[in-house]
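Residue numbers (my numbering), protein chains in the order written: chain P, 127 to 249; chain R, 9 to 115.
Presented below is the structure to which this report refers.
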Amino acid sequence: EVQLLESGGGLAQPGGSLRLSCETSGFNFKTYAMSWVRQAPGKGLEWVSAIDNIDGHGTHYADSVRGRFTISRDNVRNTLYLQMSSLRVDDTAVYYCVRPRSSVPYTRYFDSWGQGTHVTVSS
Amino acid sequence: DIRMTQSPSSVSASVGDRVTITCRASQDIRTSLGWYQQKSGKAPNLVIYSASTLESGVPSRFSGSGYGTDFTLTISSLQAEDVASYYCQQTDSLPLSFGGGTKVEIQ
């Protein structure tokens with residue numbers, strides 16, 4: 127069974143930092159590209175960032191977070207990360223770790239989602 | 009960037025009714041379109057991918073169609089358990105983008 131377990135959310139001040147983690151199990155993590163998707167309170171879904179499989183050298187970001195967030199992965203620990211810096215009030219959201227339905231490159235339909243971790247940015 | 013526009017933003021229908029949700033892309037995305045169902049307080053679930061392929065385990069009353077810029081999600085006979093918000097997503101190019109969502113309720 128595929129499992130994605132996010133952690134690291136919480137309260138941060140504007141301008142502050144948080145590091146989200148997503149521990150995975152039940153599948154061959156290193157062969158899948160992975161992404162983060164967020165959802166602000168009462169709002170829709172927003173793709174945040176993606177990282178390619180294996181070496182993870184390919185990283186991609188939404189314009190809203192580029193230059194402030196960094197996605198990374200540890201293929202030994204089967205864990206995905208999102209380092210968030212220069213946080214803004216509008217980064218407040220539930221952050222989901224997501225896996226595509228196939229390890230075939232450029233497959234971007236997400237069939238596995240974590241339970242989400244809440245990030246609140248407020249002074 | 010590709011913008012996804014969904015309509016209506018909400019729909020209220022009776023059990024057994026046919027419900028149709030539309031999604032329009034700001035440029036041609038061929039069949040690179042998925043649909044997600046999100047029940048209150050839960051993570052989304054993939055319902056349809058590649059515009060018309062039903063995800064494993066999803067009831068056959070759900071169907072998708074469309075090509076290019078215009079797409080639809082249809083629930084052929086609405087059931088109480090289908091109450092949820094539904095989102096379309098384009099996967100044609102990065103940045104990936106979602107529609108604004110459609111809330112489906114029982115009348």
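Beta carbons: idealized from backbone N, C-alpha and C, even for Gly.
According to DSSP, is residue i helix, strand or coil?
i: E127/P; result: coil
i: T39/R; result: coil
i: K156/P; result: helix
i: V202/P; result: coil
i: D90/R; result: helix
i: D237/P; result: strand
i: D217/P; result: helix
i: H183/P; result: coil
i: L146/P; result: strand
i: V19/R; result: strand
i: Q46/R; result: strand
i: R26/R; result: coil
i: P226/P; result: strand
Would you mind telling me which residues of chain R sit closer than 7 Å to residue i, beta carbon to beta carbon, in chain order?
i: A188/P; result: P103
Find the residues of chain P that neighbour residue i, judging by a C-beta separation of less than 7 Å, and give them in chain order.
i: T99/R; result: R234, Y235
i: L62/R; result: Per Cβ cutoff of 7 Å: no residues; L62/R is ~12 Å from chain P at best.
i: L54/R; result: R227, Y235, F236, D237
Checking the sheet assignment: what are the DSSP bridge partners for residue i?
i: D78/R; result: R32/R, Y75/R
i: G135/P; result: G135/P pairs with nothing; no bridge assigned.
i: Y57/R; result: T61/R
i: Q209/P; result: R145/P, T196/P
i: Q98/R; result: L41/R, S105/R
i: R11/R; result: Answer is none; R11/R lacks a bridge partner.
i: Q165/P; result: L171/P, V220/P
i: S151/P; result: Q129/P
Could you work out which residues of chain R lie near residue i, taking near to mean beta carbons separated by less than 8 Å?
i: L146/P; result: Those do not exist, as L146/P stays about 15 Å from chain R at its closest Cβ, beyond 8 Å.
i: E172/P; result: F106
i: G242/P; result: A51
Counting only beta-carbon separations shorter than 8 Å, does residue i have a partner in chain R?
i: R227/P; result: yes
i: H221/P; result: As written in the sequence, residue 221/P is Tyr, which differs from the His given in the question. It does not; no Cβ of chain R falls within 8 Å.
For residue i and chain C, any beta-carbon pair shorter than 8 Å?
i: W239/P; result: Here the protein chains are P and R, and chain C is not one of them.
Taking 8 Å as the CB-CB cut-off, is residue i touching chain P?
i: A92/R; result: no
i: G109/R; result: yes
i: Y57/R; result: yes
i: G42/R; result: yes
i: Y75/R; result: no
Can you find at least 3 beta carbon pairs, one from the segment 176 to 193 of chain P and one from the segment 240 to 249 of chain P, that sit closer than 8 Å?
Verdict: no, contact absent.
Count Cβ pairs between the segment 34 to 45 of chain R and the segment 94 to 107 of chain R that sit closer than 8 Å; are there 3 or more?
Short answer: they touch.
Tell me, please, whether the segment 151 to 169 of chain P touches the segment 23 to 40 of chain R by the rule of three or more beta-carbon pairs shorter than 8 Å.
By the criterion of at least three beta-carbon pairs nearer than 8 Å, the segment 151 to 169 of chain P is not in contact with the segment 23 to 40 of chain R.
Are the segment 195 to 214 of chain P and the segment 134 to 141 of chain P in contact at 8 Å, needing three or more beta carbon pairs?
Because the criterion of three Cβ pairs below 8 Å is met, the segment 195 to 214 of chain P and the segment 134 to 141 of chain P touch.
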